[in-house]
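In this note's numbering, the protein residues as written are 3 to 313.
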Amino acid sequence: MKENRYKTSIGGQAVIEGVMMRGPKEYAVAVRKPDGEITVEKYPISSIIQKHKWLKNFYIVRGIVSFCESLVVGMKSLMFSAEFFDVEEEPSKFDKWLDNKLGDRAKSFVIYLSVCISLLLCIGMFILLPAFIAGIFFENQGDTRVWFNIVEGVIRIGIFLGYIALVSSMKDIQRVFEYHGAEHKTIFCYEAGEELTVENVKKQSRLHPRCGTSFLLIVMVLAIIVFSFFSAANTWTALFQRLILIPLVAGIAYEIIKFVGKSENKVVCILNKPGLWFQKFTTREPDDSQIEVAIESLKSVMPEDKEDAKW
3 MKENRYKTSI
13 GGQAVIEGVM
23 MRGPKEYAVA
33 VRKPDGEITV
43 EKYPISSIIQ
53 KHKWLKNFYI
63 VRGIVSFCES
73 LVVGMKSLMF
83 SAEFFDVEEE
93 PSKFDKWLDN
103 KLGDRAKSFV
113 IYLSVCISLL
123 LCIGMFILLP
133 AFIAGIFFEN
143 QGDTRVWFNI
153 VEGVIRIGIF
163 LGYIALVSSM
173 KDIQRVFEYH
183 GAEHKTIFCY
193 EAGEELTVEN
203 VKKQSRLHPR
213 CGTSFLLIVM
223 VLAIIVFSFF
233 SAANTWTALF
243 QRLILIPLVA
253 GIAYEIIKFV
263 GKSENKVVCI
273 LNKPGLWFQK
283 FTTREPDDSQ
293 IEVAIESLKS
303 VMPEDKEDAK
313 W
């Protein structure tokens with residue numbers, strides 16, 4: 003018998019020819035290898051919030067911690083999937099140096115280094131660059147602080163939309179977006195209480211309210227509001243302020259996406275529409291083989307008691 007739809011804490015991410023699903027206690031990465039076989043690898047979740055449960059009571063802090071942990075898990079999953087499609091080549095001098103100095107810790111070092119570099123690039127492109135460009139038009143903010151933040155926000159969203167439009171034209175990224183759609187559809191099927199079959203999953207929507215795309219859009223809009231509360235004498239001061247305020251913005255955005263994901267309020271659903279609309283660009287309809295991969299990944303992290311994964 004079909005169960006009532008409920009909200010699950012299970013989330014995921016598309017990787018190279020695969021899907022990562024994160025459950026309450028572990029996460030799994032399912033990848034379709036070049037020979038057509040699906041391989042699944044499971045890993046335990048080592049969460050700071052689970053170890054220190056008192057952090058759950060600090061609303062914005064827990065958001066910052068969860069965001070950072072998600073980045074690490076996402077990068078690990080991405081690197082795992084990439085291993086099946088790496089071209090065989092001789093290790094570089096840097097690779098040999100890392101193996102010699104760090105041994106078994108070399109892979110972890112590369113993962114955390116990759117996360118840091120990715121964060122720096124995102125901060126530079128989507129936070130600092132818009133502020134710098136806006137500063138060209140408003141050298142001395144003064145009474146123009148509101149206009150400075152509005153122009154900066156418009157530039158930021160414009161850069162983000164342009165970036166998505168650019169990467170969407172790449173064939174490999176289009177495949178990732180299809181797996182992204184498979185991830186959403188599979189989670190929706192699980193939440194509906196239906197059996198995880200290709201036919202049942204295909205009927206579901208590929209637009210999900212708790213998607214990371216919606217999170218990024220919330221960050222973009224929220225940054226305009228938060229930054230408006232702080233004035234700066236010049237562009238360089240504004241750039242420094244942005245760097246300091248990024249964790250705050252990310253923490254608040256996490257709380258918003260968490261609230262939106264569980265709320266059935268009509269006003270909240272309307273406010274979430276832009277995020278769902280934007281997912282039309284970052285997700286695509288998957289084929290049956292991609293759905294099969296997402297199903298295998300989700301099955302690997304489904305708890306015996308569904309209440310354990312309740313949002």
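Where a beta carbon is used, it is the ideal one built from N, C-alpha and C, also for glycine.
- Here residue 140 is buried, its C-beta having at least 16 other C-beta atoms within 10 Å.
- The alpha-carbon separation between residue 44 and residue 230 amounts to approximately 44 angstroms.
- According to DSSP, residue 30 shares a beta bridge with 23 and 44.
- Distance from the CA atom of residue 174 to the CA atom of residue 19, rounded to whole angstroms, is 9 angstroms.
- Restricting attention to alpha helix (DSSP H) runs no shorter than 4 residues, the stretch 189–255 encloses them at 200–204 and 214–229, ordered along the chain.
- Contact holds between the stretch 224–244 and the stretch 151–160, because three or more Cβ pairs, one in each stretch, are under 8 angstroms apart.
- Counting only unbroken stretches of 4 or more residues, the alpha helix (DSSP H) elements lying wholly within the stretch 258–291 are 268–273 and 275–284, in sequence order.
- The shortest CA-to-CA distance from residue 46 to any of 31, 274 and 206 is the one to 31.
- Ranked by how close their Cα comes to the Cα of residue 29, the residues 38, 74 and 65 have 74 in first place.
- Annotation: the continuous alpha helix (DSSP H) that includes residue 76 extends over 61–84.
- Between residue 132 and residue 113 a beta carbon distance of about 29 angstroms is seen, past the 8 angstroms cut, so the two are scored as non-contacting.
- Between residue 220 and residue 277, the gap from beta carbon to beta carbon is short of 8 angstroms.
- Taking a cut-off of 8 angstroms on C-beta distances, the stretch 246–263 does not touch the stretch 291–298, as fewer than three cross pairs fall below it.
- The alpha-carbon separation between residue 216 and residue 275 amounts to approximately 9 angstroms.
- When only Cα atoms are considered, residue 268 and residue 115 end up about 42 angstroms apart.
- Boundaries of the alpha helix (DSSP H) harbouring residue 137: 131–139, taken from the DSSP string.
- Taking residue 125 as reference, the option from 25, 37, 35 and 243 with the minimal CA-CA separation is 243.
- For residue 184, the closest alpha carbon among the candidates 54, 303, 200 and 56 is that of 200.
- Within its own chain, the residues whose Cβ lies closer than 6 angstroms to the Cβ of residue 237, once the five positions on either side in sequence are excluded, are 137, listed in chain order.
- Between the alpha carbons of residue 246 and residue 204 lies a gap of roughly 43 angstroms.
- A residue is called buried when at least 16 other Cβ atoms come within 10 angstroms of its Cβ; residue 123 does not meet this threshold and is exposed.
- The beta-bridge partner set that DSSP reports for residue 17 consists of 20.
- By the CB criterion at 8 angstroms, residue 212 and residue 159 fall outside the cutoff.
- When the five nearest sequence neighbours on each side are left out, the beta carbons in the same chain lying within less than 6 angstroms of the beta carbon of residue 208 are those of 183, 186, 187 and 285, in order along the chain.
- Taking a C-beta distance under 8 angstroms as the contact criterion, residue 63 and residue 295 do not qualify as a contact pair.
- For residue 154, the enclosing alpha helix (DSSP H) begins and ends at 147–170.
- Ranked by Cα distance from residue 248, the options 82, 17 and 128 are led by 128.
- Within 10 angstroms of the beta-carbon of residue 210 lie 16 or more other beta-carbons, which makes it buried.
- Per DSSP, the unbroken alpha helix (DSSP H) holding residue 53 starts and ends at 50–53.
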